[in-house]
Structure formats: C-alpha cells, structure tokens
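Residue numbers (the working numbering), protein chains in the order written: chain A, 1 to 178; chain B, 1001 to 1178.
A virtual CB, placed ideally from N, CA and C, is assigned to each residue, including glycine.
So the structure is just underneath, and the comments pick up after that.
There are 2 protein chains.
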Amino acid sequence: MPLVVVLRLGHRVGRDERITTHVGLAARAFGADEIIIAGDRDDAVVESINKVSQQWGGSFKASYTENWVSLVKEWKNNNRAVVHLTMYGLPLQQVIQQLRLEQASRDMLVIVGGPKVRAETYRLADYNVAVTNQPHSEVAALAVFLDWLFAGRELEKIHEGGRMRIIPQPRGKKVVHI
Amino acid sequence: MPLVVVLRLGHRVGRDERITTHVGLAARAFGADEIIIAGDRDDAVVESINKVSQQWGGSFKASYTENWVSLVKEWKNNNRAVVHLTMYGLPLQQVIQQLRLEQASRDMLVIVGGPKVRAETYRLADYNVAVTNQPHSEVAALAVFLDWLFAGRELEKIHEGGRMRIIPQPRGKKVVHI
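What follows is the structure in structure tokens.
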C-alpha cells in the first residue's frame, strides 16, 4: 500500500505543543503512516506521539526535519503526491475522487500548517485542498481529510501490538492491558 | 431544523485556550449551531469564537455555563438527545444511522471533554460514541463526528453575512471583503 505521511509545518516550542501533539495523534488514529514535524525542534512532542504508538499499537512514527523544503522537493522528484491543506484551496468534496485515485497509486505527503504558511507551500503542492473555506483547526482539517481519503475505512483499522486496548462500551470504560 | 449544540467540558484557563478555540471553530465550520463552554470561565475564548462568526458569517454562537450538569439534565428533561464523544464508547460507524435519525427528529447536545471526564457524563449521555477507540484529540473527534452526522453536507454550508469570504483557488489565496 502506498504511504500517507503528514508534514506539520511551523511548530513553535512554548506555544504549539498540544496542537502539534493532537495533529500527530489524529494522523495516527485516522490512518496515516507517519508524521514529520518542521519548525522548532521539539523532541518532547516527537517522543510523546511515539509513546502513544508504543502503548496503543501500530507502526505509526513521528520524527523531526530540519529542512522541510528539501523534503518536499525530494518527495516531488520521486513522483510522489503532495497535498497541502489550506482554507484557501479547492473544496475537499470537489477533489476527493482524484485524491483517492492518487492515494491508491502513489505515496502522498499531506502538509498541514498554521496560519502563517509561506507562499512557496502553495506552489510546491500538487493540490491545495480546503476542508471547508472557513477558519477552524489544522487538527480538524487533517482528521476530516484523512477520513474522506480513506472513505471511513480507517475507523476499522486495527493497531497491532501495543499494551492497551479499549473494549467499546455503551457506558463507562473498559481497557484491557496486554 | 433541530439544533446541534456542542458542550465542551473542563476548560482550563492558562492551558486550554487554543484547544477550546479549535473545538469551537470546528463546531462552527462543521455545521453545529452553538458551543457552550464549561470549566473555568474564560470570556476571551468565548469572544474570540464569536468574533470569527462576525467576520466570517453565519449564526453560530459561543457562550459559557456555570453549571453544565443542570444544563444536561434540563436538556434530557426536555426530551432532547445527549451524545458524549469518548474513546471508550461505541464505534461511530456502528451507531451513525441511529444518530442521524435522532438528529433529524430532535435537538442534539454533543459533549466533548478532555481526558478527565467525570463518570456521571457516561450515565447522563444517551449515547457514548467513539470516533475510533484510539487516543487522539477532542477537536478531531468532534469534526469527524459532525461530518458523519451531517453526511458531508455541512461542507456545502453557506455562512450568510460576515465581512470576509474565500474564493477557492488551486494555488494561492483569494479573499473578498464584503
């Protein structure tokens, strides 16, 4: 299966820890294979995402890149797809069929930024995609994007390994420790 | 049309400003009518969400409640539906048909918490629903929940009024000021 890798731009230490962690955990929960974080180096955030994978299973990995522009260019040189999530882009519902075909045939990089993304990002991306043209949240945009990309099938994903698993309940909490 | 109102529990000043703002903006962008925030009183967060509605249109409203337990009980006494999003609940994809029927026929309160939700919440809710049984983000859970509830139609929603509107572009940014 081709990979879906999330690139989170513009992380700032002392401000974005929780949002970036949520982006990483949403990437994992909604079926992406990996997250790469750019901006300030922040080993604690990378580690906290990887710790969730160790506890809850699956092969999702978080890492940091010093140079995201090179990473995107290399990705393009290798003929892999680059999608940029932005409220200014084309509506998700209009491009989803094309994106599903892309995802079935080649690896896809999904770029999520904050409000101050450089103009370059729009040019580098093969697709600038809006999950609504309203201001909201990179966490929400990524989760809904992945859910559409995988057409809801990611909700059935089993994260193999791990030390904890939830047994769904109509009321209350049931966790098994493996 | 019946209303969909989001109740965000456990807001903490000095820690949750951005996440709660993202929850509120995601609620608005994905078609809910209102958000009510519980926990620490935080007028700045309420105001920043309402300011987005003024700028970008629509009738979405944010407010604060001192006593969310009374609010939920009153909601139930009026025979309105109460849904609690929790990773411990029943999988979204298994209950979505029932929830869509509920939403078509009566107002729905959608409770999102942080990690430390009181046991009472599970008992008060008519439905405890898991958007995956993996740990991720209340922002992601709410957005994907609403997108499923409205079956993607909320992406077409027009937010009437407001002072700004985006004209979707394949590259770059185009905003009209009205």
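With which residues is residue i paired in a DSSP beta bridge?
i                 : result
GLU34 (chain A)   : A:VAL5 and A:LYS61
ALA1081 (chain B) : B:MET1108
ILE1166 (chain B) : B:VAL1175
ASN1128 (chain B) : B:HIS1084
PRO91 (chain A)   : A:ALA130
HIS1011 (chain B) : B:GLY1039
Find out if the Cβ-Cβ distance for the pair residue i, residue j is shorter than 7 Å.
i                 : j                 : result
ARG18 (chain A)   : PHE60 (chain A)   : no
ILE49 (chain A)   : ARG8 (chain A)    : no
ALA26 (chain A)   : ALA1143 (chain B) : no
GLU1138 (chain B) : VAL1112 (chain B) : yes
ILE35 (chain A)   : ALA62 (chain A)   : yes
ASP156 (chain A)  : GLY57 (chain A)   : Rather than Asp, the amino acid found at residue 156 (chain A) in this sequence is Glu. No, they are not a contact pair.
ASP1040 (chain B) : VAL1006 (chain B) : no
Comparing alpha-carbon positions, which option in the options lies nearest residue i?
i                 : options                                       : result
VAL1004 (chain B) : B:THR1021, B:GLY1057, B:VAL1082 and B:SER1070 : B:VAL1082
GLU1102 (chain B) : B:GLY1031, B:ASN1079, B:LEU1124 and B:ALA1044 : B:ASN1079
GLN1054 (chain B) : B:ARG1171, B:HIS1177, B:GLY1162 and B:GLN1169 : B:GLY1162
VAL45 (chain A)   : A:SER70, A:ARG15, A:ARG171 and A:MET87        : A:ARG15
ASP42 (chain A)   : A:THR21, A:ASP33, A:ALA32 and A:VAL69         : A:THR21
TRP1075 (chain B) : B:ARG1106, B:LEU1099, B:GLU1066 and B:TYR1064 : B:ARG1106
GLY1031 (chain B) : A:VAL131, A:ALA151, A:VAL52 and A:GLU47       : A:VAL131
TYR184 (chain A)  : A:GLN134, A:LEU92, A:HIS84 and A:LEU99        : In the structure as shown, chain A starts at 1 and stops at 178, and residue 184 (chain A) therefore has no counterpart that could be examined.
ALA1125 (chain B) : B:GLY1152, B:PHE1150, B:ASP1033 and B:LEU1099 : B:LEU1099
ASN1128 (chain B) : B:LYS1174, B:ASN1077, B:HIS1177 and B:LEU1092 : B:LEU1092
MET87 (chain A)   : B:PRO1168, B:GLY1039 and B:PRO1002            : B:PRO1168
SER1070 (chain B) : B:LYS1174, B:GLU1120 and B:GLN1094            : B:GLU1120
LEU146 (chain A)  : A:GLU66, A:MET108, A:HIS11 and A:VAL13        : A:MET108
Does any heavy atom of the ligand SAH sit closer than 6 Å to the C-beta of residue i?
i                 : result
PHE1060 (chain B) : The model on display carries no ligand, and the ligand SAH is accordingly not part of it.
Apply the 10 Å Cβ neighbour rule to residue i and answer buried if 16 or more other Cβ atoms are within range, or exposed otherwise.
i                 : result
HIS1136 (chain B) : buried
ILE166 (chain A)  : buried
ILE1023 (chain B) : Reading off the sequence shown, one finds Val at residue 1023 (chain B), where the question assumed Ile. So VAL1023 (chain B) ends up on the buried side.
MET164 (chain A)  : exposed
LEU1134 (chain B) : A small fix is needed here, since residue 1134 (chain B) is Gln in this sequence, not Leu. Classification for GLN1134 (chain B): buried.
HIS177 (chain A)  : exposed
GLY89 (chain A)   : buried
GLY1172 (chain B) : exposed
Can you give me, in chain order, the residues of the segment 1126 to 1143 of chain B that have a beta carbon less than 9 Å from any beta carbon in chain A? TYR1127, ASN1128, ALA1130, VAL1131, THR1132, ASN1133, GLN1134, PRO1135, HIS1136, SER1137, GLU1138, VAL1139, ALA1140, ALA1141, LEU1142 and ALA1143
Near-chain B residues of the segment 16 to 27 of chain A (beta-carbon distance less than 7 Å), N- to C-terminal order: ARG18, ILE19, HIS22, LEU25 and ALA26
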